[in-house]
Ligand SMILES: Cc1cc2nc3c(=O)[nH]c(=O)nc-3n(C[C@H](O)[C@H](O)[C@H](O)COP(=O)(O)OP(=O)(O)OC[C@H]3O[C@@H](n4cnc5c(N)ncnc54)[C@H](O)[C@@H]3O)c2cc1C
Ligand code: SF4
Ligand code: SF4
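Residue numbers (this note's numbering), protein chains in the order written: chain A, 1 to 428; chain B, 429 to 893.
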């Protein structure tokens, strides 16, 4: 039995490792055109900033793959011939598979801005982008980043660390407020300015200008402002990378359509991770998850499914964590954004913020049970938060036991008594 | 269809890596930073001049002139360079800066530091100028002229304090790091420098409360024990008692509750220097499986060695040399030379800029070995992983001075329970997803089989690779 996996990101890797555990004698080939070995995409910024080298960004030693008998191939897949069960490759021979996993990840969105193909205009997703950023930074004094979000602020931090002046153009009225509630989002606004970067809120990109050599020279914003810059970072989100299957018999929507066992519409072809769109039967909304831990969970589940186990993907209580320059952020469960896009029945919020704007906590509930927790500048314990949400603990219970959830390092100042006092006051 | 730009990508990232990107402008030093650095430079010059036999040498004025500008300039510089930054992680450019990435300056620093130790151990006569410079302070606290060991202790303490200030500034916003740094500064200054000298002032044996067997191996040698026992005033007997309590009671009990960090990254002077002067180089420790294998063999061999040497000395002293003859004395000498001097000193500190800050603690220290065995099998301490939050970025592993591949555990959601972890807490500090927490907890749930630690310990010996 030969399993071919397209993509050596966390999804492909998690699947490969799981299949190896379950099927010691199957042949596994993991293919990627991006790198010889799996690396951690979130480390791209740390490589650029000199916190680590590329080799530190690889979660496994090179010998790991051989020891686990997982074959690696550095090449691009050009086409999937699902009839003959083979892959057409860019520079190597055809590959015949018995089962195939498509784990091709995402691609940066390009929204069709005038001038978006000029040199110096780029996104940040892969090693190609990292190299390009390196070239593009040459002689550049200022940069404009279009679109908020996590990758936007990472790119800002990266360029800032090289002494490049950064201006953000953000369509929304506050940073990332299509995900964050208004108060947390306002903390990020303040933080960006504190770090010495500029923020233009409620502002869109109108046009990118180039010079005669085709290099970006500046941008015009929707407010008519002209900003000189040598780099334009486009970080208006990512979409599933379905280049390989767009005009193929494998059904696609925004991503590769799969069931909860990661089977596509074609026999023996599976897809998982950033590129997959899970057709959920329940509430009618399809599920696309584009973060690291979901790639890991989906890859593992897909590996089980490929190995013949009857696995149904259970996303569990949502969580995520990230860092905005120096401010850590965590979310557990459901928290509405500033625009109120999510319709949560009887949504109520309790929010505490330290006057120094470095710590904040939000509890979302519906009058009886806790639905979501947001923290800024506080580390909370995953196990505890997840348990409270899963077990539908009341907000009163959560307040009475809040201390239990703290995960900050020892000797850090604890704010829980202050928080609980404040939030209980808000409640009455 | 896959676009042409993607298909063109054939970069050899394995061998070429990603070199330093261009910088728009170097951050310029402000006037005060320049002044503080000039003060250090001037201080070095004055120091060198005063090494020669000038009338100032041996006076308080000479002493102050020789050290104050360097120390004040250095401390001021570290304070200035971090004070206007937003508290957070300051690792920008660590792998681009020549001196912190094993570049030519790193090698120069390594050679200078190694050279200093070689001179200190084998040609101390060349340090005469420096020794005389610190005479006034030696008279003041120990009542005797300085020796080259006094000079060494003095410089060691100064380095630890100045770089301790760097550490305090660098980790503003992290109280664990700050309190821990204050602790090592306190123990070095008070217990490893002032107190032993003051004891001499009162005609007592020079004794280091913060060091004990098997790190300070001779404290349980029969020679030292009988010398202490016979020293007048009865202090010596107390010292022997203290040493025994530390080696055989404090080690298991405190490690049970706190892990080996109660000593290695909070008290120990070797650890203290590594955590302060050594901090700029912590990322250079080797994280490979191979290094781990070498480490386990080496550090436990040193432990076995010192146990044999100590035991043979006692056998010899009890049997008055009838059983082992010259062997034990010779063995002790060889141990002192190869392990005590070359390994712990020359290599241990001299190689900071090349192999990271904890070469000795990781590969050689027999006390770290015993503390490690207790930490691994008989302790409540662990580093907890916060659920599935790890995104394998590798910051933790990169900045672990002990070369532990922290990520390997974190990405599996497992606790990190390693004999070598000194509990410095830097992995937890640099983790961008808040995944890691050093803590004590139930003894039994730390790892599979934790409820039968003796069995786990025996099994681990059976499976030595
Ligand atoms: C800058 C950045 C920072 C991030 N930070 C975080 C974070 O902090 N936390 C978090 O949870 N998530 C983060 N993410 C998101 C996270 O990295 C992704 O969710 C995750 O990498 C998706 O994994 P994957 O395996 O599905 O896809 P990918 O990692 O994208 O892997 C897909 C691989 O397939 C290869 N491939 C695609 N097409 C072909 C083909 N035709 N032939 C051969 N190979 C092909 C690609 O080159 C790529 O190597 C970040 C993403 C970026 C870009
Ligand atoms: S594992 Fe963490 S706490 Fe332990 S030595 Fe390494 S960096 Fe320090
Ligand atoms: S630093 Fe944190 S997120 Fe990164 S690998 Fe380590 S534990 Fe995981």
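Here a beta-carbon is modelled for each residue, glycine too, at the ideal position from N, C-alpha and C.
*Whose CA, out of 681/B, 686/B, 639/B and 690/B, lies closest to the CA of residue 668/B?*
Comparing Cα-Cα distances from residue 668/B to each of 681/B, 686/B, 639/B and 690/B, the minimum goes to 639/B.
_Collapsed DSSP secondary structure at residue 463/A in the structure displayed_ = Residue coverage of chain A in this structure runs from 1 to 428, which leaves residue 463/A outside it and unanswerable.
_For residue 396/A, tell me which candidate among 121/A, 360/A, 414/A and 366/A has the shortest Cα-Cα distance._
The shortest C-alpha separation from residue 396/A is found at 366/A.
*Does any residue of chain B bring its CB to less than 8 Å from the CB of residue 272/A?*
With 8 Å as the cut-off, residue 272/A does not count as an interface residue toward chain B.
_If the criterion is Cβ atoms closer than 8 Å, does the pair residue 628/B and residue 571/B meet it?_
Contact: yes.
*Does any C-beta atom of chain B lie closer than 8 Å to the C-beta of residue 1/A?*
No, no contact with chain B.
*Could you name the residues of the same chain whose beta carbon sits closer than 6 Å to that of residue 468/B, not counting the 5 residues immediately before and after it, in chain order?*
Contacts found: 498, 501 and 502.
*Could you name the residues of the same chain whose beta carbon sits closer than 7 Å to that of residue 60/A, not counting the 5 residues immediately before and after it, in chain order?*
Excluding the 5 residues flanking it on each side, residue 60/A has same chain C-beta neighbours closer than 7 Å at 38, in chain order.
*asked:* Less than 8 Å between CB atoms is the rule here; does residue 783/B satisfy it with respect to chain A?
replied: So, not an interface residue.
*residue 751/B: CB within 7 Å of a non-hydrogen atom of ligand 3*: No.
*Where do the N-terminal and C-terminal ends of the beta strand (DSSP E) with residue 99/A fall, by residue?*
Under the DSSP assignment, residue 99/A falls in the beta strand (DSSP E) whose first and last residues are 99-102.
*What is the DSSP secondary structure of residue 205/A, reduced to helix, strand or coil?*
Here residue 205/A sits in strand by DSSP.
_Would the region 702-719 of chain B count as touching the region 822-838 of chain B if we require 3 or more Cβ pairs under 8 Å?_
Touching, yes, given that three or more Cβ pairs across the two stretches are closer than 8 Å.
*asked:* At the 8 Å Cβ level, is residue 218/A part of the contact set with chain B, yes or no?
replied: For residue 218/A, the nearest beta carbon of chain B is not closer than 8 Å to its own beta carbon.
*List the endpoints of the continuous beta strand (DSSP E) containing residue 422/A.*
Premise fails: residue 422/A lies in the alpha helix (DSSP H), 416-427, not in any beta strand (DSSP E).
*asked:* Counting only beta-carbon separations shorter than 8 Å, does residue 293/A have a partner in chain B?
replied: Interface flag for residue 293/A against chain B is set, since a Cβ pair is found closer than 8 Å.
*From the DSSP output, in three-state form, read off residue 709/B for me.*
DSSP places residue 709/B in helix when its eight states are reduced to three.
*Please name the residue or residues paired with residue 215/A in a DSSP beta bridge.*
DSSP lists 119/A as partners of residue 215/A.
*Drop a sphere of 10 angstroms on the beta-carbon of residue 42/A, count the other beta-carbons inside from all chains shown, and report buried for 16 or more, exposed for fewer.*
Residue 42/A sits buried, since 16 or more C-beta atoms from the chains shown fall within 10 Å of its C-beta.
*Ordered along the chain, which non-local residues of its own chain (more than five positions away) have a Cβ less than 6 Å from that of residue 148/A?*
Counting only Cβ-Cβ distances below 6 Å, and skipping sequence neighbours, we find 170, 175 and 176.
_Proximity of residue 542/B and residue 534/B at Cβ, strictly below 8 Å_ = No, the pair does not count as a contact, with Cβ atoms beyond the cut-off.
*Cβ of residue 828/B versus every heavy atom of ligand 3: is any distance shorter than 7 Å?*
False, no ligand heavy atom lies under 7 Å from that Cβ.
*In this structure, does DSSP put residue 878/B in helix, strand or coil?*
Residue 878/B falls in the coil class under three-state DSSP.
*With DSSP collapsed to three states, give me the class of residue 693/B.*
If DSSP states are grouped into helix, strand and coil, residue 693/B belongs with coil.
*Taking all protein chains shown into account, decide if residue 324/A is buried (16 or more other Cβ within 10 angstroms of its Cβ) or exposed.*
The residue in question, residue 324/A, is buried, as its Cβ has 16 or more Cβ neighbours within 10 Å.
*When every heavy atom of ligand 1 is checked, does at least one fall within less than 7 Å of the C-beta of residue 28/A?*
No, the beta carbon of residue 28/A sits no closer than 7 Å to any heavy atom of ligand 1.
*Among 274/A, 122/A, 103/A and 104/A, which has the Cα closest to the Cα of residue 112/A?*
If we check each option's Cα against that of residue 112/A, 122/A comes out closest.
*How many Å lie between residue 24/A and residue 106/A at the Cα?*
The straight-line gap from Cα to Cα measures roughly 30 Å.
*Mind checking if residue 849/B is an interface residue toward chain A, Cβ cutoff 8 Å exclusive?*
Answer no: the Cβ-Cβ gap between residue 849/B and chain A never drops below 8 Å.
*Just the C-alpha distance for residue 231/A and residue 58/A, rounded to the nearest angstrom, thanks.*
Distance between the alpha carbons of residue 231/A and residue 58/A is about 28 Å.
*asked:* Need the endpoints of the beta strand (DSSP E) that residue 80/A sits in, please.
replied: Counted as a single uninterrupted DSSP element, the beta strand (DSSP E) harbouring residue 80/A occupies residues 77-81.
*From which residue to which residue does the beta strand (DSSP E) around residue 362/A run?*
Per DSSP, residue 362/A belongs to the beta strand (DSSP E) from 360-365.
_Distance cut-off 7 Å: residue 325/A Cβ against heavy atoms of ligand 2_ = It does not: the Cβ of residue 325/A is nowhere closer than 7 Å to a heavy atom of ligand 2.
*Output yes or no for whether 8 Å exceeds the beta carbon distance between residue 369/A and residue 393/A.*
In this structure, residue 393/A lies closer than 8 Å to residue 369/A by Cβ.
*If the cut is a Cβ gap below 8 Å, which residues of chain A does residue 786/B touch?*
Ordered by position in chain A, no residue passes the 8 Å Cβ test against residue 786/B, which lies about 18 Å from the chain.
*DSSP beta-bridge partners for residue 352/A?*
Its beta-bridge partners are 361/A.
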